[in-house]
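What follows is a short report on a single structure.
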Amino acid sequence: MGETFTKSFSPAINNAEVKDKDVHEISDADDLIFYHSIRADLDLLRKKPKLQTIHYILDYSKSLSS
Amino acid sequence: MDFQLQSDQDLIHLYITGDEAGLVELIRRYQSKIYTSIYLLVKDEYLAEDIFQDTFIKVINTLKAGKYNEEGKFLPWVTRIAHNLVIDHFRREKRAPMVSNGDDFDIFEVLGNYDESAEDRLVREQTHKDLKALIQLLPSEQKEVLIMRHFGDLSFKEIADITDVSINTALGRMRYALNNLRKMMQGKELSLKN
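Note that the protein sequences, when read in sequence, are chains B and V.
Residue numbers for the first sequence follow this note's numbering, beginning at 59 and rising by one.
Residue numbers for the second sequence follow this note's numbering, beginning at 1229 and rising by one.
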């Protein structure tokens, strides 16, 4: 619990990081190395919804405007 | 106008003032993060589509009603809505998220690497199936933090707010999630090196 790391734990630079700059993320070196080793693989699990779902949402929105 | 350069807040303003393109860009920007977070929690493609849809219907209704007031925090706000809908679903079902090794996940959809050999591709496909299955084996609180942190790009403070725990608890859950994943991978002798 004694070791700290901050931004290096995060895969992306975003505004959330800036807001959290004073938050120490406690972990050990093994956790950090391990996270970096699986990060790319985790990214490959990303999926998108079907276009049909997006169209439904947009149609719903338009229906409120008309 | 190049919508990709607009801030979330600008896009929300555009949308509220009647320009549907604002919503289109917000969805384009965050669909993967939000959908993947939902999908990995519910482990069902059709259910994830439904919850994603319901999430954005709530978003639209709130924006149109002029009730959105979380300036600059669009993604955490939407993630919170999605998270609550997932919880509602499991409450209705009266069961915890099930551990499942469903085969509905098509890794080739996301790999996009068709140059590798058939053998390499099979190894890679199996490895990612294993990784996905191992994530599902994590206790739900740990899985939730890992998914929101990695796929939702949320800060630990935002995760803590959404899950109603302290930042230290959220951090601790992430630590345990990583530790448990590592141990499970060692146990399975699973290597993610390509």
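Backbone N, C-alpha and C fix where the C-beta goes; we use that ideal spot for every residue, glycine too.
Query	Result
Closer than 8 Å to chain V by CB, L109(B)	no
Start-to-end residues for the alpha helix (DSSP H) that takes in G1246(V)	Careful: G1246(V) lies outside any alpha helix (DSSP H) and carries neither H nor E.
For A1310(V) and I1363(V), believed in contact at Cβ under 8 Å, the rounded distance	17 Å between Cβ atoms; not a contact.
Contacts that K1292(V) makes with chain B (C-beta to C-beta distance below 7 Å)	L122
Partner residues on chain B for G1246(V), Cβ-Cβ distance less than 9 Å	S123
Cβ contact check for the stretch 1272-1289 of chain V and the stretch 1377-1394 of chain V: 3 or more pairs under 8 Å	no
Segment limits, alpha helix (DSSP H) that includes S121(B)	L109 to S123
R104(B) vs T1264(V) beta-carbon contact at 8 Å	yes
Cβ neighbours of F1336(V) in the same chain (closer than 7 Å, five flanking residues each side left out)	Note that F1336(V) scores a pLDDT of 39, beneath 50, so its modelled location is shaky; the value from the coordinates is reported in the next line. There are no such residues.
Segment contact, 8 Å Cβ cut-off, at least three pairs: the stretch 1237-1247 of chain V with the stretch 86-95 of chain B	no
Proximity below 8 Å, CB of I112(B) to CB of I1255(V)	yes
Nearest-angstrom Cα separation, counted from L1291(V) out to V1327(V)	In this predicted model, V1327(V) has a pLDDT of only 43, less than 50, meaning its place in the structure is not dependable; the value taken from the coordinates is given anyway. Rounded to whole angstroms, V1327(V) to L1291(V) spans 36 Å at the Cα level.
Inter-residue CB distance, D1381(V) and L1303(V) (contact presumed, cutoff 8 Å)	7 Å
Closer than 8 Å to chain V by CB, D99(B)	yes
Same chain, Cβ closer than 6 Å to A1398(V), neighbours up to 5 away in sequence not counted	V1373, F1384, I1387 and A1388
Minimum C-alpha distance to K1411(V) - residue among R1377(V), T1283(V), L1275(V) and L1366(V)	L1366(V)
Residue burial classification, D1348(V) (beta-carbon count within 10 angstroms, cutoff 16)	exposed
Cβ neighbour criterion (16 or more within 10 Å) applied to G1370(V)	In the sequence on display, residue 1370(V) carries Gln and not Gly. Buried is the call here.
N-terminal and C-terminal residue of the alpha helix (DSSP H) that M1376(V) is part of	S1368 to H1378
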